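Worksheet: the structure to be examined is printed underneath.
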Amino acid sequence: MNFGFTEEQELLRDGVRKFLAERCPMSEVRRLSETAEGFSRDLWLETARLGWPGLAVAEEYGGAGQGFVDLVVLLEETGRALHPSPLLSTTLAGVAISDSGSEAQRARWLPGLASGETIGTVALLEASDFPGADGVRLEARRDADGLVLDGEKRFVADGAAADLFVVACRIEGSPVLAIVDRGATGLETVDVPCIDSTKRLATLRLGGVRISRDAVLSGRPGDEALERLVDRGAAAVSAEMLGAADAALALTVAYAKERIQFGSPIGRFQGVKHPLAELYVDVESSKSLLHDAAWALDQGAADASKAVSLAKAYATETFSRLGIDVVQLHGGIGYTWEYDAQLYLKRAKWARPAFGDADHHYDRAAALGGM
Amino acid sequence: MDFHLTPEEEAFRAEVRAFLDANLPPGTNTASFGFLSEWNRKLREKRWIGFSWPKEVGGGGGSLMQQVILKEEMAKRKAPPLGTCFMGLAWVGPAIVQYGTDEQKRRFIPDILDGRVQWCTGYSEPGAGSDLAALQCRGVRDGSHYVVNGQKIWTSIAMWSQWMILLVRTDPNAKVKHDGITCLLVEMSTPGITVRPLKNMSGGTMFSEVFFDDVRVPVENRLGVEGDGWRVTISALANERSGIAEVEGLRRNLDALRDLARRTERRGRKALEDPTIRRRIVRAEARIEAMRLNGMRFLTRQLRGEPLGSETSINKLHRATLEVDLGELAIELQGSAGLVTGRDAADGGRWQRFALNWPEVVIGGGTPNIQKNIIAERILGLPHD
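Chains as they are written, first to last, in this note's numbering: chain A, 2 to 372; chain B, 308 to 692.
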């Protein structure tokens, strides 16, 4: 019995944390968030050389062949640093192809994603932002030599930068995941301004985009592929959330030790220390749920989906509250543009609906638990 | 990360399961006196009472992992508690095992294991609750005795106990209030002790006030050295619990609550079909599961040889919230029927009792606000209040 990380995982955590502290500190995060693209191509390629986008890609396709627990370690750290990068999206595109693609499909797309040459993303949502098959209406029409996509996918993370899209659609009513290339005729992305400027959203317009039959992931049934992608997406977002939550809590605890009011550090007052203690309890407890869920995903455990839902729901509630409390506990300074508290609050807003909000995942866990 | 057990641990689990198959078949009346005395005799034979204590004192010498397995398996089958001397097993025994003289171990430990005596804990006072170290009950050395004068309060099962583990102030001038406290083992029949039961809000009388009027306690019944009582009792024990044992109890209550929601009509449909109720139930489930996993994290740390610190307050806080929330939810989802008590109420009035008895565990082990202080000050490093 061991519910802890291995030495290698601790080394990975340390390495990522040090790299980002040095190469992408908060001043750089802010600078990048005001650029058109929102991230640095050079830094992206550098992190790719360090093996980040390939971490969970099998070695035969140029990745490091690690599991979801390792991925959680990486994403907790990029979340902690609010690192602006298409890493989460590219990772999930790779996860979808690794998990649900055929042998040939993996060989075709994974090497590019692992090396960072291809930026990938997943496009699941439409008018209804229900994360799962029920929200997918886009129909892939058959025609003589393949499929034709006509419609729109919304709230696509890193859509403007992506070279490859994992698109949820339907073929004769059945949900599938299909790979669509940036170069496809009729494909267009439209940037959508996002409350969290360290993240990028786009609408993906598909105007008669033709794809071949073998672009449909065929390693497992489409509904299953989609559900498994939602699981992995929810877990990945939770990891980023909890890293950011850790950082936001640390920022506020440090402030509570320094800020003097009524002749005393405000952290001495129970009105300040008790909410911080509660948030600590919730952050640590969410981590326990997430780490268990990641392990369950790696093991292919029967209750992995439920574990993910409990983790995403609890982490979402925790981080949403934390975003507000962090600003409030700081007082006026927390409301300013130049202070970092606001960045965490905005990240909490971004992460809440991503792959399902708390209500969605509580309902899902209830159903999976036979309620 | 690996939740698998070793072959030895699996073998131990199988042994516990086989014991339960043989000795606790479905339908057993676990409340009958005959069953309980036989049950405890067999547990003693297995050395599963005081399982964590060293074999030399009569304990089981069980490893950390074995202790968890034993507790989990027992809880899964709703087995009666391991042993009958609850306070003795939870608080007194571990303190005697760690700090007692050989003579004290010989004299007190076997009776605790066999359930021959009940113990109570004389800690809280009218002026020393959350601020326990401010206790004022005096112990004055007089030759071969300590003479005790003062009062204790909220003393659970004092009226049924033959012995008390008692904290007294022997040095009122100690610079730090935690010093100058001494731990005594006191026979409740000693002249000068008066026990007055207190009625709690559920109508029960589980706790009492205890008055000491020139009570003479032999010096050989002092546990540890004079002035070391705080370390002997409170700090030595407060952090040992990972909270894993409480999880099964909470799960059982949640299962029963889910079942209640399935049977209860609310606004024209089953309460379990009401999205708000469903979410509150699953929300509680997430927190109970988090408690279990937090406990696993703490256990992992212990298995690596690192001592547990204040992080165990995390699960104490969860438990407090859950005990209150589950009781509230159970009453609330019944609407006006939730007001009915006794045999006419759903589940024989279980939930009404549950909703009135949470203070025993929520306040008893240190209030939630005290747990938050502990987390904020000792983990987050915020200044002391």
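Every residue, glycine too, gets a C-beta built ideally from N, C-alpha and C. Model, not experiment: these values are computed from the prediction.
_N- and C-terminal bounds of the alpha helix (DSSP H) containing A:R138_ = No alpha helix (DSSP H) contains A:R138, which DSSP labels as neither H nor E.
*Hey, is B:D581's beta-carbon within less than 9 Å of any beta-carbon in chain D?*
No chain D is part of this structure, whose protein chains are labelled A and B.
*In chain order, which alpha helix (DSSP H) runs of at least 4 residues are fully inside the segment 7–80 of chain A?*
Taking only runs of at least 4 residues, the alpha helix (DSSP H) segments lying wholly in the segment 7–80 of chain A are 8–24, 27–34 and 42–50.
_Counterpart residues of B:H452 in DSSP-defined beta bridges_ = Its beta-bridge partners are B:D449 and B:P525.
*Under a Cβ-count criterion, where at least 16 other Cβ atoms within 10 Å of its own Cβ denotes burial, should A:S129 be classed as buried or exposed?*
Result: exposed.
*Out of A:E104, A:G272, A:V96 and A:V327, point me to the one whose CA is closest to A:L227's CA.*
Nearest of A:E104, A:G272, A:V96 and A:V327 to A:L227, Cα basis: A:V96.
*B:S617 to B:Q678, Cα distance in whole Å?*
In this structure, the CA atom of B:S617 is about 9 Å from the CA atom of B:Q678.
*Identify the continuous beta strand (DSSP E) that holds A:S175 and give its terminal residues.*
Here the beta strand (DSSP E) through A:S175 covers S175 to D182.
*By the 10 Å Cβ neighbour count, where 16 or more other Cβ atoms means buried, how is A:W53 classified, buried or exposed?*
Classification for A:W53: buried.
*asked:* Which same chain residues end up closer than 6 Å to A:E140 when comparing Cβ atoms and leaving out the 5 residues on each side of it in sequence?
replied: These residues qualify, in order along the chain: R171.
*Assigned exposure category for A:S175 - 16 Cβ within 10 Å defines buried*: With fewer than 16 other beta carbons inside 10 angstroms of its own, A:S175 counts as exposed.
*Work out the CA separation of A:A94 and B:V376 for me, nearest whole Å.*
Going by the sequence as given, residue 376 of chain B is Ile instead of Val. Each residue's Cα considered, the two are about 41 Å apart.
*Does any residue of chain B bring its CB to less than 9 Å from the CB of A:V282?*
Output row for A:V282: interface = yes.
*asked:* Give me, in chain order, the residues of the same chain whose beta-carbon lies closer than 7 Å to that of B:L629; leave out the 5 immediate sequence neighbours on both sides.
replied: Cβ within range, chain order: L557, A591, R594 and I595.
*Which whole runs of the alpha helix (DSSP H) in the segment 603–628 of chain B are 4 residues long or more, in chain order?*
Within the segment 603–628 of chain B, no complete alpha helix (DSSP H) run reaches 4 residues.
_Is it buried or exposed, A:H84, if we count other Cβ atoms within 10 angstroms and call 16 or more buried?_
With 16 or more other Cβ atoms inside 10 Å of its own Cβ, A:H84 counts as buried.
*Beta-carbon separation of B:F519 and B:K482 under 9 Å?*
Going by C-beta atoms, B:F519 is not nearer than 9 Å to B:K482.
_Identity of the residue in B:Q609, B:E527 and B:E352 nearest B:E410 by Cα_ = Ranking B:Q609, B:E527 and B:E352 by Cα distance to B:E410 puts B:E527 first.
*What separation, rounded to the nearest whole angstrom, lies between the Cα atoms of A:G333 and A:D326?*
So the alpha carbons of these two residues sit roughly 13 Å apart.
*Can you name the residues that DSSP bridges to A:I261?*
By DSSP's assignment, A:I261 forms a beta bridge with A:P266.
*Tell me, please, whether the CB atom of A:R295 is closer than 9 Å to any CB atom in chain B?*
Per the sequence shown, residue 295 of chain A should be read as Ala rather than Arg. Yes, A:A295 lies at the interface with chain B (some Cβ there is under 9 Å from its Cβ).
*With B:I530 and B:A402 assumed to form a contact (beta carbons below 8 Å), what rounded beta-carbon distance in angstroms separates them?*
The question names Ile, yet the displayed sequence has Leu at residue 530 of chain B. Rounded to whole angstroms, the Cβ separation of B:L530 and B:A402 is 6 Å, and the two are in contact under 8 Å.
*With 16 other CB atoms within 10 Å as the buried threshold, where does A:D197 fall?*
Classification for A:D197: buried.
*asked:* Using 9 Å as the threshold, is the C-beta distance between A:A169 and A:V177 below it?
replied: With respect to A:V177, A:A169 sits close: the two C-beta atoms are nearer than 9 Å.
*Looking at the unbroken alpha helix (DSSP H) that takes in B:I686, where does it start and where does it end?*
No alpha helix (DSSP H) holds B:I686; DSSP gives it neither H nor E.
*Report buried or exposed for A:S28, applying the criterion of at least 16 other Cβ atoms within 10 angstroms of its Cβ.*
Exposed is the call here.
*CB contact flag (A:A82, B:R586, <9 Å)*: Contact: no.
*Proximal chain A residues relative to B:D309, where beta-carbon distance stays under 9 Å*: Result: M2, N3, F4 and W296.
_Residues bridged to B:W426 (per DSSP)_ = Checking the DSSP bridge columns, you'll see B:W426 partnered with B:W470.
_Helix, strand or coil, according to DSSP, for A:E3 in the structure here?_
The amino acid occupying residue 3 of chain A in the given sequence is Asn; Glu does not appear at that position. Three-state result, A:N3: strand.
*By how many angstroms is the C-alpha of A:G187 removed from the C-alpha of A:T317?*
A:T317 and A:G187 have their alpha carbons spaced roughly 36 Å apart.
*Taking only beta-carbon positions, decide if B:E572 is within less than 9 Å of chain A.*
Interface criterion not met: the Cβ of B:E572 is under 9 Å from no Cβ in chain A.
*Checking contacts by CB at 9 Å: is B:Q678 closer than that to chain A?*
So yes, B:Q678 belongs to the interface.
_Identity of the residue in A:T91, A:L252 and A:A59 nearest A:Y340 by Cα_ = Minimum Cα-Cα distance from A:Y340 among the listed residues A:T91, A:L252 and A:A59 corresponds to A:L252.
*asked:* For the segment 583–602 of chain B, list every residue whose C-beta sits within 8 Å of some C-beta in chain A, in sequence order.
replied: Sequence-ordered contacts of the segment 583–602 of chain B with chain A read R585, R586, I588, V589, R590, E592, A593, R594, E596, A597, M598, L600 and N601 [C-beta pairs closer than 8 Å].
_Neighbour flag for A:G268 against chain B, beta carbons, 9 Å_ = Residue contact with chain B for A:G268: present (Cβ-Cβ distance below 9 Å to some residue of chain B).
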